[in-house]
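J.:
Residue numbers (the UniProt record's numbering), protein chains in the order written: chain H, 1 to 461; chain U, 1 to 461.
(1) Between which two residues does the alpha helix (DSSP H) containing residue 444/U stretch?
(2) Who are the neighbours of residue 173/U on chain H, taking C-beta pairs under 7 Å?
(3) Along the beta strand (DSSP E) that carries residue 310/U, what are the first and last residues, could you check?
(4) Checking 8 Å against the spacing of the C-beta atoms, do residue 356/H and residue 283/U come in under that value?
(5) Please go through the same chain and pick out, in chain order, the residues whose beta-carbon is closer than 6 Å to the beta-carbon of residue 19/U, but skip the five residues on each side of it.
(6) Using a Cβ-Cβ distance under 8 Å, would residue 196/U count as near chain H?
(7) Give the single residue among 69/U, 38/U and 80/U whose Cα lies nearest to the Cα of residue 456/U.
(8) Just the C-alpha distance for residue 101/U and residue 100/H, rounded to the nearest angstrom, thanks.
(9) Can you find a C-beta in chain U that's less than 8 Å from the C-beta of residue 123/H?
(10) Since residue 250/H contacts residue 345/H with CB under 8 Å, what's their CB separation in whole angstroms?
(11) Answer yes or no: does any C-beta atom of chain H fall closer than 8 Å to that of residue 338/U?
(12) Specify whether the segment 106-123 of chain H and the segment 441-452 of chain H touch according to this definition: at least 3 beta carbon pairs, one from each stretch, less than 8 Å apart.
(13) Which partner residues of residue 197/U appear in the DSSP bridge assignment?
(14) Reducing DSSP to helix, strand and coil, say where residue 42/U ends up.
(15) From the beta carbon of residue 205/H, is the nearest beta carbon of chain U less than 8 Å away?
(16) Quick one: measure Cβ to Cβ for residue 42/H and residue 156/H, integer angstroms, because I've assumed they're closer than 8 Å.
(17) Roughly how many whole angstroms lie between the Cα atoms of residue 232/U and residue 322/U?
(18) Could you check how far apart the C-beta atoms of residue 319/H and residue 91/U are, in whole angstroms? I think they sit under 8 Å.
(19) Please name the residue, chosen from 95/U, 33/U, 105/U and 59/U, that lies closest to residue 164/U on a Cα-to-Cα basis.
(20) Extract the residue ranges of the alpha helix (DSSP H) inside the segment 307-364 of chain U, only unbroken runs of 4 or more that lie entirely within it.
(21) What are the residues that DSSP puts in a beta bridge with residue 203/H?
(22) Is residue 172/H a contact residue of the ligand FAD, with contact defined as CB to any heavy atom under 7 Å?
(23) Below 7 Å between beta carbons is the criterion; list the residues of the segment 304-322 of chain H that meet it against any residue of chain U, in chain order.
(24) Straight-line CA distance for residue 390/H to residue 21/H?
(25) Below 8 Å, how does it come out for the segment 272-290 of chain U and the segment 372-390 of chain U: are there three or more Cβ pairs, yes or no?
(26) Roughly how many whole angstroms lie between the Cα atoms of residue 168/U and residue 52/U?
(27) Residue 277/H by DSSP, collapsed to three states: which one?
(28) If the criterion is Cβ atoms closer than 8 Å, does the pair residue 285/H and residue 358/U meet it?
(29) Whose C-alpha, out of 348/H, 354/H, 420/H and 154/H, is nearest the C-alpha of residue 65/H?
(30) Mind listing the chain U neighbours of residue 222/H? Cutoff is C-beta to C-beta under 8 Å, in chain order.
(31) Can you give me the C-alpha to C-alpha distance between residue 173/U and residue 74/U, rounded to a whole angstrom?
(32) Identify, in the order they occur along the chain, each residue of the same chain with its Cβ nearer than 7 Å to the Cβ of residue 240/U, setting aside the five sequence neighbours on each side.
(33) For residue 70/H, is the classification buried or exposed, using 16 other Cβ atoms within 10 angstroms of its Cβ as the cut-off for buried?
(34) In chain U, what lies closer than 8 Å to residue 227/H by C-beta?
(35) For residue 220/U versus residue 333/H, is the C-beta distance shorter than 8 Å?
(36) Specify, as a first and last residue, the run of the beta strand (DSSP E) that residue 110/U falls within.
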């Protein structure tokens with residue numbers, strides 16, 4: 001019997017329909033940050049959040065940036081002071097024809113594994129960030145206040161490289177100071193296994209255009225003598241990996257460390273279902289670097305992935321063209337001490353060294369990158385949260401690696417000197433960044449309850 | 001003094017403005033055959049042509065097909081009976097932003113090398129086919145009739161693989177019977193050098209989708225273990241050629257013959273300006289098969305070209321996606337006795353043998369292909385035309401090879417038992433299939449005069 005927590009949990013259960021209705025309203029705003037066409041929708045999503053924080057009794061405001069606005073809010077008193085981070089922007093929705101519904105007209109769907117909330121952002125990250133806001137709402141409704149101090153910090157550029165984030169943090173160190181950052185943007189290692197992410201991969205993004213002929217050419221008049229940028233870009237991409245799946249860019253593995261045996265043993269018993277993970281993506285085997293387990297490939301090995309590739313004619317029928325240009329978008333996931341700037345330079349040098357005569361390469365000017373991050377799991381809040389999560393999910397919570405990148409965790413350390421704790425309730429099959437994104441209704445409900453338990457656990461004593 | 005021809009030539013000179021106005025009107029019809037959105041425009045172009053033939057006094061009609069209609073017409077009497085072929089459809093216009101003007105609002109432009117007609121189809125093939133129609137118009141205006149019999153045969157699917165052509169020819173052998181076919185859809189070997197094309201490359205088209213994951217994946221959650229179709233399609237494309245530019249598909253070179261030394265010597269003196277040809281396309285060297293001259297690479301060597309390649313995210317910004325699919329459009333130019341069906345089977349086997357586990361390939365179902373063609377230059381009409389062209393251009397006319405494919409020449413032989421003579425007035429820098437297509441006003445004018453001379457020359461005796 002916990003007289004402070006139990007009524008909050010009961011209130012959360014009783015208020016679930018209203019909490020769901022609020023999330024649905026939030027999901028209807030198409031806040032795609034990477035596409036300028038949705039700029040006003042991003043602002044609208046920020047305003048919605050701001051209003052919702054005010055409805056809790058928080059001070060809250062929109063903070064303009066050269067890009068999409070930040071939302072900042074504060075409520076509660078006493079120790080600890082927690083800085084909660086989430087993002088209100090979402091991924092683009094293409095290919096739109098693969099969605100069963102309008103991505104921004106969210107619906108509840110009954111599925112064999114339980115009811116899901118279907119729509120863009122349901123999991124990444126609107127549903128996740130609302131688990132925390134709703135936990136706060138229930139605490140305040142029940143107790144009139146929170147057991148600690150919360151600063152809310154929401155950005156709207158997470159899915160587009162967070163160009164405004166570092167300048168904003170540097171200019172607002174005081175308003176962002178706290179004892180610990182909480183981030184809700186991660187998955188559970190396996191359905192129903194509560195997870196605290198203890199290490200994240202970093203990321204760098206790059207993009208180039210390979211130009212050959214001075215204009216599109218006719219493949220009859222010029223086929224043979226002409227340099228074909230599509231063929232050349234394919235050769236370049238094929239040159240990025242060797243036959244074992246290892247990246248061939250010189251210096252790429254500098255700073256990459258092997259996973260210690262004890263950590264590997266812990267990971268192997270954390271409930272990760274490899275066959276299920278692969279089957280979910282339609283695969284029977286793991287296609288990464290040979291000599292590493294699927295979990296290591298996902299959590300502890302760096303990647304160089306092509307995310308977009310295009311050139312020439314894509315319409316119906318045939319066009320006998322040798323195009324003047326070909327284009328390629330790349331992201332690298334980084335681990336250990338890999339330096340994003342060095343990797344970018346090495347990647348560019350790799351391409352430039354392989355350019356044929358008459359070809360030239362033009363690089364994108366956006367240079368964002370973030371190194372990998374390892375959390376400080378020795379802090380007492382981690383054990384308190386682990387216990388709280390175990391209680392809620394009736395399953396031992398685990399410290400897990402993560403394949404994704406959450407650059408903000410690194411910035412909290414380097415800019416604010418702040419440790420981060422990452423707790424999320426998403427499932428690997430939530431189809432985030434894909435058509436038909438979903439978030440389990442149970443994940444939403446138990447996510448809210450989990451945060452209530454964590455607030456209780458870290459605010460004791 | 002040629003009392004039959006000279007007044008026709010004078011009339012052509014005097015009527016040039018009107019002939020140009022007619023072409024401009026024709027060019028305004030956006031008859032893009034490969035894109036279903038332009039279906040009615042294709043019919044409109046056919047109707048325009050039909051009406052224009054009737055204005056000469058020809059019998060003319062639209063002949064429906066499952067695709068775009070054929071236009072057939074007849075006028076004149078006596079020997080020889082010539083079958084004139086051209087096509088009223090044009091290439092797509094993308095990328096539209098690289099056009100200086102609306103592609104279907106043709107303009108006259110004064111350029112350092114002379115006035116040009118700028119617009120889609122100006123050269124390929126509306127401008128070219130109108131040279132012949134205008135020559136006939138001048139003959140008829142001057143003499144009340146033609147010196148021989150002409151059957152006009154215009155199709156509207158040349159730029160989209162001519163799916164209706166063979167069935168139509170097979171069903172209309174009688175209406176298409178003649179002594180010789182004339183085709184006006186080719187270039188001059190160099191500006192001002194009148195050319196009769198004596199050999200054409202064949203072509204086959206293919207297209208495939210490479211599928212990997214069962215849906216688009218997040219490059220954080222799945223980057224590493226996931227099969228990336230963009231990387232796999234790049235490896236496949238890179239595998240099509242070896243380091244010397246030779247196609248590696250097994251059996252690809254079956255039926256390819258080396259060019260005889262005497263023919264090579266003739267080509268080398270035909271006025272082809274290699275440096276100019278390369279510079280026009282922004283190249284300093286020839287990128288084709290090592291060991292062959294630029295002319296051989298263009299006229300006498302087969303190719304395997306990628307005309308379109310796409311997958312993943314192409315919009316602004318970044319999307320950390322591993323896409324489910326990648327796509328590729330291919331054409332091969334064929335020479336000698338290469339068999340399109342065999343090459344297609346070999347290409348597909350090459351791809352299928354290299355598919356990784358968990359990947360699958362889906363091929364396009366359109367199976368059109370045509371072998372290379374060699375003209376019967378021993379026929380007396382060839383020497384008569386060569387002399388007529390030399391007279392008009394004040395430059396010895398040449399028998400040249402050609403890199404492009406005009407499948408109709410092969411069909412005339414196999415279906416109608418008819419030899420073809422290909423005479424065209426396009427320049428290599430006409431940017432056909434590219435933005436800002438053009439046709440020299442002089443080429444149009446002298447093209448009309450050339451056909452008048454050829455009609456005179458082949459109708460004597």
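Think of the CB as a built atom: it goes at the ideal place given N, C-alpha and C, for glycine as much as any other residue.
T.: In short, the structure shows the following:
(1) Unbroken alpha helix (DSSP H) run through residue 444/U: 441-458.
(2) Here the premise fails: no neighbours, minimum Cβ distance about 28 Å.
(3) 303-312
(4) no
(5) 134
(6) no
(7) 80/U
(8) 41 Å
(9) Chain U contact via Cβ: absent.
(10) In this structure residue 250/H does not touch residue 345/H by the C-beta definition: roughly 10 Å separates them, more than the 8 Å allowed.
(11) no
(12) yes
(13) 400/U and 422/U
(14) Residue 42/U falls in the helix class under three-state DSSP.
(15) yes
(16) Right, their Cβ atoms sit about 5 Å apart.
(17) Their backbone Cα atoms lie some 12 Å apart in a straight line.
(18) Confirmed, Cβ separation roughly 6 Å.
(19) 33/U
(20) 340-353
(21) Beta-bridge pairing links residue 203/H to 333/H and 370/H.
(22) The model on display carries no ligand, and the ligand FAD is accordingly not part of it.
(23) 305, 306, 307, 308, 309, 310, 311, 312, 313, 314, 315, 316, 317, 318, 319, 320, 321 and 322
(24) 28 Å
(25) Short answer: they don't touch.
(26) Roughly 22 Å between the two C-alpha positions.
(27) helix
(28) In terms of Cβ geometry, residue 285/H and residue 358/U form a close pair [threshold 8 Å].
(29) For the residues 348/H, 354/H, 420/H and 154/H, the minimum Cα distance to residue 65/H belongs to 154/H.
(30) 281, 298 and 403
(31) 15 Å
(32) 247, 248, 249 and 304
(33) The C-beta of residue 70/H has 16 or more other C-beta atoms within 10 Å across all chains shown, which makes the residue buried.
(34) 283 and 287
(35) Result yes, Cβ atoms of residue 220/U and residue 333/H sit closer than 8 Å.
(36) 107-111
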